[in-house]
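Asker:
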Amino acid sequence: MAANPKIRVLVSAYQCGVGMGSVSQIGWEWYSRLSGSCQVTLLTHIRNRPALTEAGAPLEGSEVIYIDTEWFAGPLYRFAAWCFPRSEHPKFLIASLDFFVYDWIAVRQMRKQIKAGRPFDVVHAVTPVSPLAATRLYKLGLPLVLGPWNGGLASPSTFPEIMKAESKWLYPIRNVGRVFDRLIGSTRNAAMILTATQATFDAIPKPYQAKCQSLLENGVNLDLFTPAPYPPAPSDTKPLQIVFVGRLLPFKGVGMLLEAVKALDFPACVTIVGEGSERLHLENITAELGLGDKVRFTGNLPLNEISPIMQQAHVFCLPSVRESGGAVLLEAMAVARPVIAVDFGGPAEIVDAGVGVKLPATGKAAVVQGLIEALADVREHPQRWQVFGEEGRRRVENHYSWAAKIATAIGFYRQLLEATS
491 MAANPKIRVL VSAYQCGVGM GSVSQIGWEW YSRLSGSCQV TLLTHIRNRP ALTEAGAPLE
551 GSEVIYIDTE WFAGPLYRFA AWCFPRSEHP KFLIASLDFF VYDWIAVRQM RKQIKAGRPF
611 DVVHAVTPVS PLAATRLYKL GLPLVLGPWN GGLASPSTFP EIMKAESKWL YPIRNVGRVF
671 DRLIGSTRNA AMILTATQAT FDAIPKPYQA KCQSLLENGV NLDLFTPAPY PPAPSDTKPL
731 QIVFVGRLLP FKGVGMLLEA VKALDFPACV TIVGEGSERL HLENITAELG LGDKVRFTGN
791 LPLNEISPIM QQAHVFCLPS VRESGGAVLL EAMAVARPVI AVDFGGPAEI VDAGVGVKLP
851 ATGKAAVVQG LIEALADVRE HPQRWQVFGE EGRRRVENHY SWAAKIATAI GFYRQLLEAT
911 S
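Going by our numbering, 829 is the number at position 339 of the sequence shown; the sequence numbering is gapless.
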């Protein structure tokens with residue numbers, strides 16, 4: 491017998507696929523990268539089949555099992571979109587109820603396969619990445635790893651005008667997830683819970699916090715996000731290049747960035763990559779502020795086109811006021827670019843004075859003023875900001891690459907298997 495035989499992992503990734511959004515990309519990274527080191531069976535929703543097939547799934551040495559709940563998920567999503575056409579989070583919360591139907595069917599189907607003699611060593615539920623995603627997969631009788639989860643973040647009280655547009659009143663419904671968890675027994679019966687942030691750890695019931703291990707839910711593909719020389723210093727003839735990448739939603743704070751750029755007394759250009767319900771509103775603001783020749787909206791772009799745009803920037807800016815994670819900050823750091831973010835949520839744990847600037851989360855006026863001052867500092871001291879970018883790249887290589895994450899996860903699997911042997 492081999493000293494370290496391949497671990498047989500049943501990976502549940504409700505969201506999984508290339509080019510289908512950040513969480514789906516996380517599901518794909520877990521599946522594709524684990525398949526190189528483990529014997530992987532992927533459980534995923536049937537809506538992911540076209541993207542997975544196009545990406546080459548099932549990958550060599552792996553298997554994909556699709557769970558079909560479209561009879562429930564389709565009408566539910568259309569109802570959520572009708573109720574909240576502009577707010578992404580309420581729409582997501584309602585549509586997420588489909589996960590519990592998916593999970594019930596998945597457990598039922600895999601029970602039959604295990605009873606028929608199908609062997610697995612460990613079960614890992616990788617998406618959704620929210621603690622709301624209470625699962626019954628522990629009923630398969632195997633060690634269950636949950637996460638990395640990222641959630642438990644409170645809504646900021648200092649940005650009422652922004653959070654109102656995000657239907658903040660619906661956020662307490664997230665507490666229903668704790669009720670589901672108690673009823674279903676997800677955290678109670680898990681062997682290990684991977685938590686991405688301090689807020690996530692704090693949201694885990696205290697009796698189960700001893701099961702937690704820290705691991706960021708996001709990782710960086712270092713083959714896509716490669717470092718590049720810093721651009722020539724900004725001047726009167728070379729505008730300061732600013733890049734934002736993300737969904738165009740109210741809480742992302744892009745309007746504050748536009749206000750800050752308007753107030754600058756030197757040339758600056760902003761590239762906004764992404765799509766969302768706020769795009770038309772932001773385009774209107776751009777026109778009203780007279781920034782039409784300084785702001786470019788690209789819409790959604792594939793990952794391989796985002797890295798070159800980041801490489802052209804002097805600074806990457808994420809003025810989001812409620813960001814649980816911050817994967818895009820890591821991607822910007824991976825291309826050796828300095829970052830600016832708000833001191834709240836996930837970005838507060840990623841950004842420090844070694845890689846960029848954190849803006850005070852005390853209100854809209856403070857963020858706008860902080861942006862103005864930080865952007866002016868980039869222009870005045872470009873060499874210092876270049877050093878920030880170089881340090882960011884070092885950190886990503888050492889701590890945030892997908893290769894490092896997968897190696898850590900496999901170590902966790904072996905730890906669990908040794909404990910149960």
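Ideal Cβ placement from N, Cα and C applies to all residues, glycine included. Only a predicted model underlies this, so the values are computations on that prediction, with no experimental measurement involved.
1) Please classify Val-530 as buried or exposed, where buried requires at least 16 neighbouring CB atoms within 10 angstroms.
2) Would you call Asn-640 buried or exposed, if buried means 16 or more other Cβ atoms sit within 10 Å of its Cβ?
3) At what residue ranges does the region 589-644 contain a whole run of the beta strand (DSSP E), taking only runs of 3 or more?
4) If you drop the 5 nearest sequence neighbours on each side, which residues of the same chain put their C-beta closer than 6 Å to that of Trp-659?
5) Flag this pair as yes or no: are the beta carbons of Pro-837 and Gly-816 separated by less than 8 Å?
6) Where does Ile-497 fall in DSSP's three states?
7) Under the three-state reduction of DSSP, which class applies to His-535: helix, strand or coil?
8) How long is the line joining the alpha carbons of Cys-911 and Asp-611, rounded to whole angstroms?
9) Kindly indicate which residue of Ala-596, Ser-647 and Ile-896 has the alpha-carbon position closest to the one of Thr-625.
10) CA-CA distance, Thr-687 and Phe-834?
11) For Val-554, which three-state DSSP category applies?
12) Does the pairing of the region 820-832 with the region 614-625 give three or more beta-carbon distances under 8 Å?
13) In this structure, does DSSP put Val-841 in helix, strand or coil?
14) Just to confirm before moving on: does the CB-CB distance between Phe-878 and Gly-844 stay below 8 Å?
15) Might you give, ordered along the chain, the residues of its own chain that have their beta carbon closer than 8 Å to the beta carbon of Lys-752, omitting 5 neighbours on each side?
16) Which first and last residues belong to the beta strand (DSSP E) in which Ile-762 is found?
17) Please classify Asp-755: is it buried, with 16 or more other beta-carbons within 10 angstroms of its beta-carbon, or exposed?
18) Taking the alpha-carbon positions, what's the Ile-798 to Arg-568 distance?
19) What's the call for Thr-776, buried or exposed, on a 16-neighbour Cβ count within 10 Å?
20) Got a sec? Which residues, its chain only, sit under 7 Å from Ala-541 by beta carbon, not counting five neighbours each side?
21) If distances are taken between C-alpha atoms only, which option among Asn-679, Arg-737, Pro-828 and Val-613 comes closest to Ala-718?
22) Along the alpha helix (DSSP H) that carries Ile-900, what are the first and last residues, could you check?
23) Is DSSP giving Arg-737 helix, strand or coil here?
24) Classify Leu-793 as helix, strand or coil using the three-state DSSP reduction.
25) Using the three-state DSSP reduction, which class does Gly-509 fall into: helix, strand or coil?
26) What number of angstroms, rounded off, separates the C-alpha of Asn-888 from the C-alpha of Ile-840?
27) Does the beta-carbon distance from Glu-765 to Asn-790 come in below 8 Å?
28) List the DSSP bridge partners of Val-785.
29) Checking 8 Å against the spacing of the C-beta atoms, do Leu-772 and Gly-745 come in under that value?
30) State the CB to CB distance for the pair Leu-630 and Ile-604, rounded to an integer number of angstroms; the pair is presumed to be in contact (CB under 8 Å).
31) Taking the CB atoms as reference points, tell me whether Ile-740 and Pro-757 lie closer together than 8 Å.
32) Using C-beta distances below 7 Å, list every residue in its chain close to Ala-909, excluding the 5 sequence neighbours before and after it, in chain order.
33) CA-CA distance, Arg-874 and Pro-809?
34) Need the endpoints of the beta strand (DSSP E) that Phe-806 sits in, please.
35) Can Leu-533 and Leu-500 be called in contact, C-beta distance under 8 Å?
36) Leaving aside the five residues before and after Gly-846 along the sequence, list all residues of the same chain whose C-beta is less than 6 Å from its C-beta, in chain order.
Answerer: Taking the definition as stated:
1) Counted from its first residue, the sequence shown places residue 530 at position 40. With 16 or more Cβ atoms within 10 Å of its Cβ, Val-530 is classed as buried.
2) The sequence position of residue 640 within the sequence shown is 150, counting from 1. Asn-640 should be labelled buried.
3) Restricted to the region 589-644, the beta strand (DSSP E) segments that are unbroken, complete and at least 3 residues in length are 612-617 and 634-639, listed in chain order.
4) Position 169 of the sequence shown, counted from the first residue, corresponds to residue 659. Unreliable placement is indicated for Trp-659, whose pLDDT of 48 sits below 50; no coordinate value is reported for it.
5) As a first step, residue 837 must be located in the sequence shown, where it is residue number 347. As a first step, residue 816 must be located in the sequence shown, where it is residue number 326. Yes, the pair counts as a contact, with Cβ atoms nearer than the cut-off.
6) In the sequence shown, residue 497 corresponds to position 7, counting from 1. Residue state, collapsed to three classes: coil.
7) Residue 535 sits at position 45 when you count from the first residue of the sequence shown. DSSP places His-535 in strand when its eight states are reduced to three.
8) For this step, residue 911 is matched to residue 421 along the sequence shown. For this step, residue 611 is matched to residue 121 along the sequence shown. For the sequence presented, residue 911 should be read as Ser rather than Cys. Cα-Cα distance, rounded: 11 Å.
9) In the sequence shown, counting from the first residue as 1, residue 625 sits at position 135. Measuring from the Cα of Thr-625, the nearest candidate turns out to be Ala-596.
10) Along the sequence shown, one-based indexing puts residue 687 at 197. Along the sequence shown, one-based indexing puts residue 834 at 344. So the alpha carbons of these two residues sit roughly 11 Å apart.
11) If you number the sequence shown from 1, residue 554 lands on position 64. Residue state, collapsed to three classes: strand.
12) Touching, no.
13) Here the question's residue 841 lines up with position 351 in the sequence shown. The answer is coil: DSSP assigns Val-841 none of H, G, I, E or B.
14) Taking the sequence shown and counting its residues from 1, the one referred to as residue 878 is at position 388. Taking the sequence shown and counting its residues from 1, the one referred to as residue 844 is at position 354. It is a contact, given that the beta carbons lie within the stated cut-off.
15) For the purposes of this step, residue 752 is identified with residue 262 of the sequence shown, where counting begins at 1. Once the five neighbours on either side are set aside, the close Cβ partners of Lys-752 are Leu-779, Gly-780 and Leu-781.
16) Counting from 1 along the sequence shown, the entry for residue 762 is found at position 272. First-last of the beta strand (DSSP E) with Ile-762: 758-763.
17) If you number the sequence shown from 1, residue 755 lands on position 265. Looking at its Cβ environment, which holds fewer than 16 other Cβ atoms inside 10 Å, Asp-755 is exposed.
18) Indexing the sequence shown from 1 puts residue 798 at position 308. Indexing the sequence shown from 1 puts residue 568 at position 78. Contrary to the premise, residue 798 reads as Pro rather than Ile in this sequence. Rounded to the nearest angstrom, the two C-alpha atoms are 36 Å apart.
19) Residue numbering aside, residue 776 sits at position 286 when the sequence shown is read from its first letter. Flag for Thr-776 reads buried.
20) Here residue 541 is taken as the residue at index 51 of the sequence shown, counted from 1. Gly-507, Val-508, Gly-509 and Met-510, listed in sequence order.
21) For this step, residue 718 is matched to residue 228 along the sequence shown. In terms of Cα proximity to Ala-718, the closest of Asn-679, Arg-737, Pro-828 and Val-613 is Pro-828.
22) By one-based count along the sequence shown, residue 900 stands at place 410. Segment 892-910, the alpha helix (DSSP H) holding Ile-900.
23) Numbered from 1 along the sequence shown, position 247 holds the residue referred to as residue 737. Here Arg-737 sits in coil by DSSP.
24) Mapped onto the sequence shown, residue 793 falls at position 303. In this structure, DSSP gives Leu-793 a helical state, which the three-state scheme calls helix.
25) The residue you call residue 509 lines up with position 19 of the sequence shown. DSSP places Gly-509 in coil when its eight states are reduced to three.
26) To locate residue 888, count along the sequence shown from 1; it is residue 398. To locate residue 840, count along the sequence shown from 1; it is residue 350. The straight-line gap from Cα to Cα measures roughly 14 Å.
27) In the sequence shown, residue 765 corresponds to position 275, counting from 1. In the sequence shown, residue 790 corresponds to position 300, counting from 1. Between Glu-765 and Asn-790, the gap from beta carbon to beta carbon is short of 8 Å.
28) Working through the sequence shown from its first residue, we reach residue 785 at position 295. In DSSP, Val-785 forms a bridge with Val-760.
29) Numbered from 1 along the sequence shown, position 282 holds the residue referred to as residue 772. Numbered from 1 along the sequence shown, position 255 holds the residue referred to as residue 745. Here Leu-772 is near Gly-745, since their CB atoms are less than 8 Å apart.
30) As a first step, residue 630 must be located in the sequence shown, where it is residue number 140. As a first step, residue 604 must be located in the sequence shown, where it is residue number 114. At roughly 6 Å, the Cβ-Cβ gap stays under 8 Å, so Leu-630 and Ile-604 are in contact.
31) For the purposes of this step, residue 740 is identified with residue 250 of the sequence shown, where counting begins at 1. For the purposes of this step, residue 757 is identified with residue 267 of the sequence shown, where counting begins at 1. Checking the sequence shown, residue 740 turns out to be Pro, not Ile. Contact flag unset, no.
32) Here residue 909 corresponds to residue number 419 of the sequence shown, with the count starting at 1. The beta carbon of Ala-909 sits closer than 7 Å to none of the beta carbons in its chain outside the five residues before and after it.
33) Translated into the one-based positions of the sequence shown, residue 874 becomes position 384. Translated into the one-based positions of the sequence shown, residue 809 becomes position 319. When rounded, the separation of the alpha-carbon atoms in Arg-874 and Pro-809 is 21 Å.
34) In the sequence shown, counting from the first residue as 1, residue 806 sits at position 316. Here the beta strand (DSSP E) through Phe-806 covers 805-808.
35) As a first step, residue 533 is located in the sequence shown; it is residue number 43 there, counting from the start. As a first step, residue 500 is located in the sequence shown; it is residue number 10 there, counting from the start. Result yes, Cβ atoms of Leu-533 and Leu-500 sit closer than 8 Å.
36) For this step, residue 846 is matched to residue 356 along the sequence shown. Pro-828, Val-829, Ile-830 and Phe-878, listed in sequence order.
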